[in-house]
Amino acid sequence: GAGVSQTPSNKVTEKGKYVELRCDPISGHTALYWYRQSLGQGPEFLIYFQGTGAADDSGLPNDRFFAVRPEGSVSTLKIQRTERGDSAVYLCASSPMTGREQYFGPGTRLTVT
Amino acid sequence: DQQVKQNSPSLSVQEGRISILNCDYTNSMFDYFLWYKKYPAEGPTFLISISSIKDKNEDGRFTVFLNKSAKHLSLHIVPSQPGDSAVYFCAARRGADGLTFGKGTHLIIQP
Chain Y
1 GAGVSQTPSN KVTEKGKYVE LRCDPISGHT ALYWYRQSLG QGPEFLIYFQ
51 GTGAADDSGL PNDRFFAVRP EGSVSTLKIQ RTERGDSAVY LCASSPMTGR
101 EQYFGPGTRL TVT
Chain U
1001 DQQVKQNSPS LSVQEGRISI LNCDYTNSMF DYFLWYKKYP AEGPTFLISI
1051 SSIKDKNEDG RFTVFLNKSA KHLSLHIVPS QPGDSAVYFC AARRGADGLT
1101 FGKGTHLIIQ P
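Right, here's the structure in full:
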């Protein structure tokens, strides 16, 4: 079956701009996670959804970052007033339920110039 | 402070031999541990996991060992194959929290 998909695969934006990153989880997976991976580091947890609600957003670095999952499937990570330090690969993962293995998408490489 | 540590940035192993990747953690509340494999420009791929109530889990060529008293886990790959060359991430979780990852170990399988 289809895995987790993320669009766009690459995004280059200017400092100060707004960006949206999209994640399509595996069909039927109720839990959805966002991570950020910087060069030479492991993925860093940002936020996770159980259904439509954000169950834990403790990893979001500041209030410029926001994520939604309005219908309990597709999720969008939104970053306002982007900064050069936001440049990273943003990974999305889904799981059939919390407490199980997470399956990752290919990521979106964000570059802020 | 890193809660999950992979102290070897890279490891080189001959094809056919055993590869042993190590991981240490500091948070005794972690109750589930996972290993992921990552190729360049791809997302991490789930390999194998272990619950904190077990000390060993095996799946084909991959075995994960957990030593709770030492807060240490390891991934054994035997026999190692060229396709195993990748970056391996150790990850841990407490309850339904998001995963906490180590920095990864780059495994190189030499012919």
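Same order as they appear, the protein sequences are chains Y and U. According to my numbering, the first sequence is numbered sequentially starting from 1. According to my numbering, the second sequence is numbered sequentially starting from 1001. Heads up, the beta-carbon is just placed ideally off N, CA and C, and yes, glycines get one too. Since the model is a prediction, treat every value here as computed from it, not as a measurement.
#### Entry: Whole-angstrom distance between residue 1069 of chain U and residue 1103 of chain U, CA atom to CA atom
Counting from 1 along the second sequence, the entry for residue 1103 of chain U is found at position 103. Counting from 1 along the second sequence, the entry for residue 1069 of chain U is found at position 69. For residue 1103 of chain U and residue 1069 of chain U, the distance between alpha carbons rounds to 22 Å.
### Query
Under three-state DSSP, which class holds residue 86 of chain Y?
In the first sequence, the residue the question calls residue 86 of chain Y occupies position 86. Three-state DSSP puts residue 86 of chain Y in a helix.
### Query
Between the stretch 1042 to 1056 of chain U and the stretch 1006 to 1015 of chain U, are three or more C-beta pairs nearer than 8 Å?
no
### Task
May I ask you to list the residues that DSSP assigns as paired with residue 1097 of chain U?
Here residue 1097 of chain U is taken as the residue at index 97 of the second sequence, counted from 1. DSSP output for residue 1097 of chain U lists no bridge partner at all.
### Nearest-angstrom Cα separation, counted from residue 1095 of chain U out to residue 59 of chain Y
The residue given as residue 59 of chain Y occupies position 59 in the first sequence. The residue given as residue 1095 of chain U occupies position 95 in the second sequence. Distance between the alpha carbons of residue 59 of chain Y and residue 1095 of chain U: 16 Å.
### Message
Taking the beta carbon of residue 39 of chain Y as the centre, do at least 16 other beta carbons fall within 10 Å, making it buried, or is it exposed?
### Response
The residue you call residue 39 of chain Y lines up with position 39 of the first sequence. When all chains shown are included, residue 39 of chain Y counts as exposed.
### Span of the beta strand (DSSP E) around residue 1065 of chain U
Within the second sequence, residue 1065 of chain U is the residue found at index 65, counting from 1. Per DSSP, residue 1065 of chain U belongs to the beta strand (DSSP E) from 1062 to 1067.
### Task
Throw me the rounded Cβ distance for the residue 1061 of chain U and residue 1077 of chain U pair, which I believe falls under 8 Å.
For the purposes of this step, residue 1061 of chain U is identified with residue 61 of the second sequence, where counting begins at 1. For the purposes of this step, residue 1077 of chain U is identified with residue 77 of the second sequence, where counting begins at 1. Right, the Cβ-Cβ distance comes to about 6 Å (below 8 Å), so this counts as a contact.
### Task
Could you have a look at residue 1024 of chain U and say whether DSSP puts it in helix, strand or coil?
If you number the second sequence from 1, residue 1024 of chain U lands on position 24. It is a strand residue.
### Task
Could you please give me the residues that DSSP links to residue 1049 of chain U through a beta bridge?
Here residue 1049 of chain U corresponds to residue number 49 of the second sequence, with the count starting at 1. Note: residue 1049 of chain U sits in a beta bridge opposite U:1034.
### Message
In the DSSP assignment, the beta strand (DSSP E) including residue 1056 of chain U goes from what residue to what residue?
### Response
Translated into the one-based positions of the second sequence, residue 1056 of chain U becomes position 56. Residues 1056 to 1059.
### Message
One question on the structure: do residue 42 of chain Y and residue 1043 of chain U come within less than 8 Å of each other, judged by their Cβ atoms?
### Response
By one-based count along the first sequence, residue 42 of chain Y stands at place 42. By one-based count along the second sequence, residue 1043 of chain U stands at place 43. It is not a contact, given that the beta carbons lie outside the stated cut-off.
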